[in-house]
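What follows is a short report on a single structure.
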Amino acid sequence: MALPVRVYKFGGTSVATAARIRRVVDLVLSEPATVRRVVVVSALGGVTDELIRCIDYALERNADYLKVVAAIRHRHEDVLAELVGAADQQSLREQLAAQWMELTELLDGISLLKECTLRTRDAIMGMGERAAAPMVAAAFRARGMASGAVEATTLVRTDDAFGEANVQFEATDALIRTAFAHLPEEQITVVTGFIATTEEGVVTTLGRSGSDYTATILGGALDAEQVVIWTDVDGVLSADPRIVPNAFPLPNLTYREAAEMAYFGAKVLHPRTMRPLQAKGIPLRIKNTLNPAAPGTLITDASDRSDGHVKAVTSIRDVAMVMLEGTGMVGVPGIAARAFGALAANHINVLMISQASSEQSICIVVREHEAAAATEALQAVFDLEVARGDISRVYATPGCAIISVVGDFMRTQAGLAGRMFATMGRAGVNVMAIAEGAAETNISAVVRADEAKAALSALHEAFAMGRERAHLVVIGTGGIGKTLLDMLARQAPYLVDRFDLNIQLVGVANRQQMLYRPEGLAYAGVLDALAEEAEPADLEALKARLIGSHMERLIVVDATASDTVINLYPDLLEHNIAVVTPNKRSNTVGQAFYNRLQRLARRRRTPYYYETTVGAALPVIGTLRDLIRSGDAIQRVEGVLSGTLAFVFDELAQGHSFSEVVTRARARGFTEPDPRDDLGGIDVARKLLIMAREMGQHVELEDVEVESLVPDALAELNVEQFMAALPTQDAYWTDRVATAQANGQLLRYVGTIEDGQLRVQVRAVDAGSPLGSLRGTDNIVLFTTRRYQPTPLVVRGPGAGPDVTAAGVLTDIVKAAELFA
Ligand code: ADP
Ligand code: ASP
Ligand code: MG
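Going by the numbering used here, the first residue of the sequence shown is number 471, and it counts up by one from there.
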């Protein structure tokens, strides 16, 4: 039975050195042995460029080409010595020596004739791959694997369009299938990328970066289950990382998107790579040899949920615009077709055709080095029109770049092109022409080459990242704020990978300092930056800057317990800036303020989330909301909402004294610095108040009936005195606990909302009841509703601590970012 085939392609960067090749061997060997492994390799990194350099020298009769050949030769010999087993050394050395001899002869010929045909050029350029493949195969053998190298000249059949030949698929597929039918299945077959032959056996190449294409040609012919292109970046990125440093890996692309990106300049893939796979639906993966754990990019047919959005921005530099200008062209059919015909006849590749910004011209974009030839060809074909004056002139503007935004079904997004040009306008980029009749998958524009970077950065910011990007400001760098920043430092890349969600930190502030950087701050080390580069905190000024920034999807986290920071909320919400907070203050000052925030959030459709104000990350507010919104009627809410007091009563039940328990809780960090802040019950009262308001009740904090565990006599002492006086309470609590236990009951500090009444009190509950079975610092909330009764809906779990709270805040941030769209 035939094994399923997987094709792995390793680019020049992945096979640049002996150490890298060893890594390649490891990677392939870590793949399942239950598949047939086919490996495609490029030339060792940089070798193709060196070969081109040799040709250039030879054409100039500069004998330095011999030096370059010697360097190439030494490089291969060093790798060979380091990598290849003794058994293979000699024969491989001879094989390569013969090849360098052939290379030198070809170059001598060029030097002699001062001429290099495209045919000779292809023969020379393919030498890097021909040297690499047998070395890699030998490296597999050195590791005890059966392996053999095959030259793609015996597998891939093309026409004679040297430089970028066209594959003849019928012949090619047959050659590949026959060849592999005769090769042992368990051997790792290493195939040269990039090269092919014509029917007459003349070597051709598939164009620069053509090894990608070789891999998918093989994958298509062999019905591979997948093709993996291993390179030196974490997949296809949202932009060229050398131009846009914060480009990020795209988890999914369609074949069409990948093809458009490649065509419009994303160097990571050869533009034709997708073709052989598309019809058969064979998935293509792009992975990083240097970071194999990264998920990479998966290219398939499946459109994902972000359809209609811009996925990436690309550019092609070194292009020229060739303009046909004249009033006589308007409405004359066939001009474009004739122009195309003339250029095709001269083998000039048209990258883009468009209406220039002025209407009386047609703009044809070609590679810069073909601009002169293109201009001449057009002048020749339109000589009559020029003579008649219908076309006033034909001229080339060099020094241009094509900028494209790519994403499936973009055309369904009204106003997208407008946004693209507005964005470039704001960045001060002059758009010289826009693509006419752009395919649904891309919109392109021509700009001056020296403005390309500005255009790409602005577009990347506005679309590729702006789409799913949220901007974050964290106020408060205490326990929760700091934990949140640490958490984001770890989670942010995962959110990008998994959910396309890029949460970009733009500001941090605490009581003393603030740091605001609209272009982005790194999570790691941000608190050091805050200490070093910050300015004095002025939250009103920060608010004004945030509002003035018009940044999209801006989320402000208030991780303080302050009752002044909350005064920022109304203006923020009013200006579409989301607020996420674990701070209970905003919802527990007056009812009027509460109503105002709710109204603003609703009216502006701006997230205002505070799930962590009750039970930390436990889904209490969310559950309540869902119940109410789905039409349920809440009859009673009761719960233990203080981790501290849950701990105190759990420990009391074990027979420990009150003073002992409170002292221990304080020592373990379960209480506020002054334990009376917990024992007084106000914190629980606030949580109850938030829930009651969520249920639509109009109540104030004073309306909550609270049983404090701090007797009046101890209320006025300082903390030390209070701690020292605790034993005076021991007998009282021992007694109460004993009485309860005599009835099979336990004491719990319970908050209840029922019949419009809010009560916080110590209650004796049955040991077997949900409240009675609570342990440690866990929180619990029971919702008794029309639907949930007599058994209530229960939410229970850890309800305090910086870790869970920060995790809950992060959940709210993610929700806010997603809802913002
Ligand atoms: P290989 O040697 O593996 O074939 P290439 O150099 O041909 O690798 O392609 C990978 C390089 O492409 C990356 O290192 C990166 O600099 C460049 N590149 C340009 N645009 C993109 C993009 N959108 N995504 C990923 N890489 C890109
Ligand atoms: N070695 C060839 C090049 O540099 C082919 C490839 O790398 O894919 O273009
Ligand atoms: Mg490449």
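Yeah, the Cβ is synthetic: ideal placement off N, Cα and C, and Gly gets one too. Quick caveat: nothing in here was measured; it's all calculated off a predicted structure.
Secondary structure at residue i, three-state DSSP: helix, strand or coil?
i	result
residue 902	strand
residue 907	Legend: pLDDT at residue 907 = 49, less than 50; position of this residue unreliable, no value from coordinates given.
residue 476	strand
residue 785	strand
residue 1282	helix
residue 1236	strand
residue 1065	helix
residue 1099	helix
residue 675	strand
residue 854	helix
residue 1129	helix
residue 738	coil
residue 963	helix
residue 861	coil
So, are the CB atoms of residue i and residue j less than 7 Å apart?
i	j	result
residue 873	residue 1283	no
residue 689	residue 664	no
residue 659	residue 596	no
residue 891	residue 876	no
residue 1245	residue 1148	no
residue 715	residue 704	no
residue 634	residue 911	no
residue 488	residue 549	yes
residue 698	residue 755	yes
residue 959	residue 993	yes
residue 1096	residue 1257	no
residue 1057	residue 1064	yes
residue 739	residue 749	no
residue 717	residue 709	yes
residue 1087	residue 1220	no
residue 1276	residue 1048	no
residue 737	residue 700	no
Out of the options, point me to the one whose CA is closest to residue i's CA.
i	options	result
residue 504	814, 567, 1046 and 656	656
residue 753	903, 766 and 762	766
residue 1123	1060, 1159, 1242 and 1136	1242
residue 799	488, 712, 856 and 1055	856
residue 645	1262, 1261, 691 and 1077	691
residue 474	497, 508 and 491	508
residue 673	851, 624, 501 and 1288	624
residue 1205	1194, 1195 and 1217	1217
residue 1194	1156, 642, 1215 and 1128	1128
residue 795	763, 852 and 1084	852
residue 702	694, 711, 696 and 695	711
residue 693	751, 763 and 1274	751
residue 1252	1078, 1270 and 1224	1224
Quick one: what's residue i bridged to in DSSP?
i	result
residue 755	698 and 768
residue 941	974 and 1024
residue 866	792
residue 627	667
residue 1252	1108 and 1264
residue 822	835
residue 991	975
residue 874	784 and 914
residue 619	660
Is residue i near ligand 3 - that is, is its Cβ less than 6 Å away from at least one heavy atom of it?
i	result
residue 581	no
residue 679	yes
residue 804	no
Answer yes or no: the CB of residue i versus the heavy atoms of ligand 2, is any distance below 6 Å?
i	result
residue 664	yes
residue 512	yes
residue 518	yes
residue 482	yes
Is any heavy atom of ligand 1 found at a distance shorter than 6 Å from the C-beta of residue i?
i	result
residue 710	yes
residue 651	no
residue 707	yes
residue 781	no
residue 788	no
residue 684	no
For chain C, find out if any of its Cβ atoms is closer than 7 Å to the Cβ of residue i; answer yes or no.
i	result
residue 1128	Absence of chain C from the displayed structure is noted, only one protein chain being present.
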